[in-house]
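Protein chains in written order, with this note's numbering: chain A, 1 to 14; chain B, 15 to 271.
Note that beta-carbon positions come from the ideal geometry of N, C-alpha and C, so glycine has one too.
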């Protein structure tokens, strides 16, 4: 199973 | 801030539950309790902490205050916690240190520690705690912990899939593979063994095993865990405390592009 995603791709920075 | 836990181990359990996942954290204290959020260095795992006033024997916060701490240091002080002692957290108006007062009236003993606060500049992510999900599972945290421990030995990737038949945790290693199927159940004798699934569609997600091993360190907070999954989005693993609040972990998935 491929790539580890990062949370930045899903959540905006406040 | 002046906040007293009647049992000092409550705070110890909260801190121990994520001290190995992140190195530092800003506790944001206000009238409505203590909230915190921290992301791990790899930016894959986000910890959220909520300790509402209902968790304390008494709670007072006159002015919103941010308390930045190194978790390794705080965890050292909390080794003094035990179920016979209360713990009061004090922070002065101009915060540069956190005072921890442990009291054991029965043993005529009190312990006082001071922890230097640190200025942490960390960006906060906007997470929606009411995040809609395709699947919600509520299950025993003991069962979850055992499953994670058993399966992650075999592979560094851990897959969760949920269908109407139940929840399947599986791993595919180089030399071995494993699969655990858990179906909904209702244990009238011990409600903490219940497993319930509510879903609007099936999911199949993979995560790095090492983060799951971090997450299960929070299982001492609650005998239940809430899992929320949607396709191609971070999963939420949440441990809720009896008196409100709790610790949650948002974990980004792994997938093929």
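Item	Value
Reduced DSSP category for residue 179/B - H, G, I as helix; E, B as strand; rest coil	coil
Counted within 10 angstroms of its Cβ, other Cβ atoms place residue 266/B as buried (16 or more) or exposed	buried
Host alpha helix (DSSP H) of residue 165/B (start-end)	155-166
Residue interval of the beta strand (DSSP E) (run including residue 116/B)	111-118
Identity of the residue in 54/B, 189/B, 258/B and 151/B nearest residue 136/B by Cα	54/B
Residue 157/B versus residue 106/B - alpha carbon distance	43 angstroms
Three-way DSSP call (helix, strand, coil) for residue 228/B in this model	helix
Coarse secondary structure for residue 52/B, derived from DSSP in three states	strand
Whole-Å CB distance - residue 22/B paired with residue 101/B, under 8 angstroms assumed	4 angstroms
At least three beta-carbon pairs within less than 8 angstroms, the stretch 153-170 of chain B to the stretch 68-85 of chain B	no
Under 8 angstroms between C-beta atoms of residue 27/B and residue 155/B	no
Beta-carbon gap between residue 149/B and residue 235/B smaller than 8 angstroms	no
Chain A residues whose Cβ lies nearer than 8 angstroms to that of residue 269/B	1, 2, 3 and 5
Cβ-Cβ separation, residue 29/B to residue 88/B (assumed contact under 8 angstroms), whole Å	6 angstroms
Cβ contact (3+ pairs, closer than 8 angstroms) linking the stretch 88-97 of chain B and the stretch 107-127 of chain B	yes
Boundaries (first-last residue) of the alpha helix (DSSP H) holding residue 91/B	85-91
Neighbouring residues, chain A, relative to residue 137/B (Cβ below 8 angstroms)	13 and 14
The stretch 58-66 of chain B in contact with the stretch 253-268 of chain B per 3-pair CB rule at 8 angstroms	yes
Cβ separation of residue 2/A and residue 268/B, assumed to be a contact under 8 angstroms, to the nearest whole Å	6 angstroms
Close Cβ partners of residue 214/B (< 6 angstroms) along its chain, the five nearest in sequence each way excluded	148
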